[in-house]
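Numbered per my numbering, the sequence shown spans residues 19 to 225.
Built from N, CA and C at the ideal position, the CB exists for glycine as well.
Working notes for the structure below.
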Amino acid sequence: MFLDSRSDVSSPDSYSYSFEPHFKYGSSIGLGSTGGNPFYAVLGFRAWLPDGTGGKAHELAVSNDGRIFFRSGNSPTWEGWRTLLISNEQGFYGIGTTSPTEMLSVKGKIRAQEIKVEGGIWPDYVFKKDYPLMTLTQIDSFIKLNNHLPNMPAAKEVEKNGLDLGEMNRKLLQKIEELTLHLIEKDKQIQKLEKRMSKLETKPNSI
């Protein structure tokens with residue numbers, strides 16, 4: 019373990035069997051300065067095979083402003099630096115963004131096999147007798163006035179603020195349950211009409 023010259027630019031084949039910490043000028047490694055402190059803390063290492071031959075070398079750089087970078091390379095040149103993560107004084111972390119505003123802010127797409135959102139009240143209260151279910155006439159009037167469903171965010175609001183997945187799933191289920199109640203009520207009305215029609219059809223012709 020050693021400290022190299024701050025302005026020295028190492029090549030991938032400079033690493034052997036050890037982890038080596040370095041302090042380097044940002045400009046010398048292609049990262050630029052970090053405000054008042056132009057130095058980066060760099061950890062370099064290289065994977066070695068049992069026969070003593072080396073694979074790719076890797077460097078992890080930490081900047082004064084909370085950014086973490088990574089690069090790999092084969093002799094004699096490095097690949098470009100990639101920003102892994104950035105953190106700020108609020109304890110927020112960012113990927114693909116320089117200004118995280120949440121515990122984890124990601125600018126870009128995320129692909130996962132499963133996402134679990136905890137918390138929130140599940141809307142089974144819709145089926146309680148005292149639930150204030152809007153009539154279809156009231157919903158129709160609301161839509162004509164606002165161009166979106168009641169208790170749902172408008173398009174401009176979502177475009178500006180995004181949406182909470184857990185809250186949106188709750189609202190969507192609430193709408194499904196309300197729609198189910200309306201369908202049940204309509205089915206009852208249809209059954210009554212069918213019974214009336216059946217009775218009328220069985221009456222003898224009075225003419």
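DSSP lists Thr95 as the beta-bridge partner residues of Asn92. Beta-bridge partners assigned by DSSP to Gly62: Glu38 and Glu77.
By the Cβ-count criterion, Ser159 is exposed, with fewer than 16 other Cβ atoms from all chains shown falling within 10 Å of its own Cβ.
Residue pairing of Val144 in beta bridges, as defined by DSSP: absent, with no partner found. Burial of Tyr58 is indicated by the presence of at least 16 other C-beta atoms within 10 angstroms of its C-beta.
When secondary structure is reduced to three states using DSSP, Phe110 falls in the coil class, being assigned neither helix nor strand. In this structure, Leu49 lies near Phe87, with their beta-carbon atoms less than 8 angstroms apart. Within the DSSP secondary-structure output, Val124 pairs in a beta bridge with Ile113. In the DSSP assignment, Arg129 falls outside any beta strand (DSSP E) and carries neither an H nor an E. Taking C-beta atoms as the reference points, Asn165 and Lys189 fail to come closer than 8 angstroms.
Runs of the alpha helix (DSSP H) spanning 4 or more residues and lying entirely within the stretch 132-203 occur at 154-164 and 173-179, in chain order. With 16 or more neighbouring CB atoms inside 10 Å of its own CB, Ile47 falls in the buried class.
Cβ-Cβ distances below 7 angstroms link Glu120 to Phe110 in the same chain, with the five nearest sequence neighbours on each side left out; the list follows chain order. In the DSSP assignment, Thr119 falls outside any beta strand (DSSP E), carrying neither H nor E. Around the beta carbon of Ser93, fewer than 16 other beta carbons lie within 10 angstroms, which makes this residue exposed. Judged by DSSP in its simplified three-state form, Leu103 adopts strand. A contact between stretches requires three or more CB pairs, one per stretch, nearer than 8 angstroms, and the stretch 147-163 fails this requirement with the stretch 177-189. In terms of Cβ geometry, Gly137 and Ser123 do not form a close pair [threshold 8 angstroms].
Shown here for Tyr33: same chain residues with a beta carbon closer than 7 angstroms to its own, the five before and five after excluded, namely Gly62, Phe63, Arg64 and Ala75 in chain order.
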